[in-house]
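**Student:**
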Amino acid sequence: MDLLYKVFVDPFVQMGAAPDLLVQTLWDGLVGGVLYALIALGFVLIFKASGVFNFAQGIMVVFAALTLVGLHEHGVPAFVALGLTVVVMFVLAYGVERLMLRPLVNQPDTILFMATFGLTYFLIGFGQLVFGGNPKVMITKDLLLPSGAVEFKGLGGFVSLQKIDIAAVIIASVMVAVLAVFFQRTRIGRALRAVADSHQAALSVGISLEQIWVIVWFAAGVVALATGIMWGARSEVSFSLQIIALKALPVLILGGLTSIPGAIVGGLIIGIGEKLGEFYWGPLLGGGIESWLAYVIALGFLVFRPQGLFGERIIERI
Amino acid sequence: MLYREAGQYKTSYAADMAVFPILQDRIGIAAILFVAFVVIPLAGNDFLINAVMIPFLIFALATIGLNLLTGYTGLLSLGTGAFMGVGAYACFKLTTSFPQVNVIVWILASGLFSAAVGVLFGLPSLRIKGFYLAVATLAAQFFLEWCFIRIPWLTNYSVSGSIEVPLRTLAGIPVTGPTATPVTRYLFVLAIVVVMTWIASNLVHGRIGRMWMAVRDMDIAAELIGIRLLRTKLLAFAVSSFYCGVAGAMMVFLWYGGAEADVFAIDQSFLVLFMVIIGGLGTLIGSFFGAALIYILPIALRAIPEAFGLPLRPATAEQLTFVIVGVMIIVFLVVEPNGLARLWQIGKQKLRVWPFPY
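Protein sequences appear in the order of chains X and H. For the first sequence, the positions run 0 to 317 when numbering that gives the first Met the number 0 is used. For the second sequence, the positions run 0 to 357 when numbering that gives the first Met the number 0 is used.
1) P181 of chain H: which of H:S157, H:Y255, H:A246 sits nearest, CA to CA?
2) Using a Cβ-Cβ cutoff of less than 6 Å, which residues in the same chain neighbour E163 of chain H once the five nearest sequence positions on both sides are dropped?
3) Based on Cα-Cα distance, which residue from X:R97, X:M137, X:L224 lies nearest to A171 of chain X?
4) To be precise: take each residue of the region 254-269 of chain X, compare its Cβ to all Cβ atoms of chain H, and keep it if any distance is under 9 Å. Which residues remain?
5) So, helix, strand or coil for G176 of chain H, using DSSP?
6) Let's see if you can read the secondary structure: which residues bound the alpha helix (DSSP H) around T168 of chain H?
7) CB L83 of chain X to CB V75 of chain X, shorter than 9 Å?
8) Is A17 of chain X helix, strand or coil by DSSP?
9) Could you have a look at G27 of chain H and say whether DSSP puts it in helix, strand or coil?
10) Taking the CB atoms as reference points, tell me whether L283 of chain H and I63 of chain H lie closer together than 9 Å.
11) Just to check my reading of the structure: M195 of chain H and V245 of chain H have Cβ atoms closer than 8 Å, yes? What is that Cβ distance to the nearest angstrom?
12) If you reduce the DSSP assignment to three classes, tell me which class S239 of chain X lands in.
13) With 9 Å as the limit, tell me which residues of the region 263-288 of chain H have their beta carbon closer than that to any beta carbon of chain X; keep them in chain order.
14) Does any residue of chain X bring its CB to less than 9 Å from the CB of R382 of chain H?
15) Between H:Y185, H:A306, H:I323, H:L125, which lies nearest to V34 of chain H when the distance is taken from Cα to Cα?
16) Take A139 of chain H and list the residues in its own chain whose beta-carbon comes closer than 6 Å to its own, dropping the five residues that flank it on each side.
17) Quick one: grab the DSSP three-state call for F157 of chain X.
18) When the Cα atoms are used, what is the spatial distance from A213 of chain H to F236 of chain H?
19) Determine the contact status of K162 of chain X and V175 of chain X, defining contact as a CB-CB distance below 9 Å.
20) Chain H beta carbons: is any one of them nearer than 9 Å to that of L142 of chain X?
21) Please list, in chain order, all residues of the same chain as M99 of chain X whose beta carbon is under 7 Å from its beta carbon, the five residues on each side excluded.
22) How would you list, in chain order, the residues of chain H whose beta-carbon sits under 8 Å from the beta-carbon of W216 of chain X?
23) By DSSP, does K246 of chain X sit in helix, in strand, or in coil?
24) Does the region 298-317 of chain X come close enough to the region 251-271 of chain X to have 3 or more Cβ pairs within less than 8 Å?
25) Over the uninterrupted alpha helix (DSSP H) stretch that includes E222 of chain H, give me the two end residues.
26) In the region 198-279 of chain X, which residue ranges form an unbroken alpha helix (DSSP H) of at least 4 residues, counting only runs that do not cross its ends?
27) Alpha carbon to alpha carbon, how far is L284 of chain X from F91 of chain H? Give it in angstroms, no decimals.
28) For a test of the three-state rule: what should DSSP assign to E259 of chain H, helix, strand or coil?
29) Is any beta-carbon of chain H found at less than 9 Å from that of F121 of chain X?
30) What residue range does the alpha helix (DSSP H) around K347 of chain H cover?
31) With a 10 Å radius around its C-beta and 16 neighbouring C-beta atoms as the bar for buried, classify E315 of chain X as buried or exposed.
32) Taking the C-alpha atoms as reference points, what is the distance between S161 of chain H and A260 of chain H?
33) In whole angstroms, give me the CA-to-CA distance for N49 of chain H and T315 of chain H.
34) State the DSSP-derived secondary structure class of E72 of chain X, mapped to helix, strand or coil.
35) Less than 9 Å separating the beta-carbons of F287 of chain H and V102 of chain H?
36) Determine which residues share a DSSP beta bridge with E163 of chain H and list them.
Shown next as structure tokens:
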């Protein structure tokens with residue numbers, strides 16, 4: 000009885016008693032969710048166009064951020080470094096297409112999945128060789144990103160919002176909007192959607208698969224760079240970010256592997272659910288439940304909708 | 000020349016269906032077992048036994064476990080590390096609670112706990128498939144890892160949060176604990192791995208293995224021909240976790256001698272998955288090849304610069320290892336996506352017709 004009370008009543012009483020804390024928690028969850036959604040977006044882009052479950056997206060985030068900071072440390076002005084990093088991501092996309100995807104065309108999904116593991120290892124080693132394994136500080140100020148916090152009074156207390164978080168939410172929204180327009184309105188976007196629907200049909204109307212793959216990997220690289228800047232500004236640029244990227248996986252399956260809106264909604268559900276769970280129910284279990292709550296939430300959703308919230312319905316035939 | 004099956008007639012169905020139908024293969028396996036059981040304990044040094052052979056065999060067992068699930072039944076799992084952890088912690092609790100029972104019994108029994116946990120987390124596999132299932136098994140990985148850290152009962156309230164392997168003897172000879180010699184531990188690991196490989200071989204060649212493979216190839220079709228999906232998939236999870244659990248218990252008791260929760264982190268799951276894929280999905284011999292390549296390759300890579308007298312900082316060597324292993328994985332997948340086992344098969348076929356091309 001006491002336990003039931005603690006699980007089902009007490010957290011809500013706490014929420015009602017301190018609405019400012021609730022809003023603060025929701026905001027933290029929202030920002031976390033937006034960043035998860037950004038990582039998941041990179042996954043979805045590649046999965047839609049090439050059917051590859053790109054495990055390396057997490058390390059691409061770290062690698063992009065490291066390249067940016069590393070270049071700046073060698074005296075390159077911040078915005079030039081930004082441009083150069085975009086070039087590096089393009090070279091990476093081209094290399095991946097040329098050396099990894101093209102020879103592996105028509106292989107089963109698991110094999111391609113494993114190949115991205117190889118890419119992950121390669122990027123970890125290469126990144127550490129070139130830029131060193133130590134955590135770096137993101138060049139927030141040089142990129143004209145705001146720092147500090149805004150505080151709102153009210154709700155019987157105050158809510159403090161980090162300016163960088165606000166910037167992250169805005170940039171993420173802009174990016175999603177740009178990607179949506181790109182997909183819906185441009186010639187390349189239409190080709191991308193055609194490839195996502197059917198590789199063979201796309202080939203038969205003269206769409207070059209190789210070109211499309213370079214483009215999606217490059218787009219995923221740019222998304223990774225934006226994600227890297229934001230994560231980096233919130234904490235620091237280090238290889239441990241890669242573990243956080245694993246959190247994008249439940250986001251991904253929650254939203255459905257092929258859906259961009261799914262990635263965003265999934266990100267928000269996971270981000271907010273995780274923070275609320277940790278803050279209000281975590282102490283019951285001794286804390287630290289953030290590490291697995293996201294996966295359990297996703298698992299719960301999956302049992303009822305095996306294809307994710309927005310995924311295409313899986314139809315199986317003999 | 001020597002590897003030729005001409006003149007070896009099979010007079011019964013059983014002989015034709017034998018695991019090693021060719022005489023040379025039987026001689027080969029006997030020679031390997033002889034080397035493993037007699038030559039290595041007598042001639043090998045501590046480094047070879049402790050740092051190469053014991054880990055290789057333990058990883059091979061875990062790889063067989065995951066291969067039964069992923070390679071034979073087609074269920075992708077990323078929770079191997081956690082299932083190994085369940086085995087290790089179960090073994091620790093059992094042997095500290097009932098010290099009078101032999102530790103080898105407990106190492107094997109701890110697999111049962113792992114199997115039970117595996118079945119529990121295997122339940123979603125009925126509705127979820129492919130990558131969705133892989134992420135669902137990540138829930139098992141992170142939840143169990145959290146349990147290892149947060150439940151002090153599992154480590155007998157040890158202050159450091161780690162488990163220390165106690166001294167256990169068999170007929171007066173120390174088997175586990177700090178005073179056990181590498182050779183003793185090696186022989187126990189070897190015996191367990193050989194027996195369990197033999198059991199796995201019988202499983203996959205029999206009715207159960209056929210059911211698993213039918214489910215792997217197409218589960219709806221399998222259901223239509225009368226295979227019960229629930230039982231078959233859960234059995235695969237149970238057997239696979241049992242193998243992983245035993246491997247985990249051996250890892251702590253017969254190799255490390257003590258462990259913290261982070262030994263069973265997600266990296267371990269990925270490592271075993273690598274071994275499965277590089278070795279070859281759905282092959283037992285591939286499990287050994289995969290374990291050998293992935294485990295021994297970094298050791299060899301570290302030894303090469305030393306052999307040439309090149310001064311390399313340990314950190315740089317580590318990073319180079321990452322780069323080389325990454326490239327190797329991609330190259331391997333490009334050259335032979337079906338794994339080392341397939342290369343082995345091709346090699347044997349070539350040998351059979353040698354010196355003619357076909």
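Backbone N, C-alpha and C define an ideal beta-carbon position, used for all residues, glycine too.
**Tutor:** Based on what the coordinates show:
1) H:Y255
2) G257
3) X:L224
4) L256
5) coil
6) That residue, T168 of chain H, is in no alpha helix (DSSP H); its beta strand (DSSP E) goes 167-169.
7) yes
8) coil
9) helix
10) yes
11) 7 Å
12) coil
13) I265, F269, L272, F273, I276, I277, L280
14) Chain H is shown only over 0 to 357; residue 382 of chain H falls outside these bounds and no answer can be derived.
15) H:Y185
16) G78, A81, F120
17) strand
18) 16 Å
19) no
20) no
21) A114, L118
22) Result: empty, since nearest Cβ-Cβ is about 15 Å, beyond 8 Å.
23) coil
24) yes
25) 218-223
26) 198-203, 208-233, 240-245, 247-254, 259-275
27) 24 Å
28) coil
29) yes
30) 339-352
31) exposed
32) 7 Å
33) 25 Å
34) helix
35) no
36) H:G257
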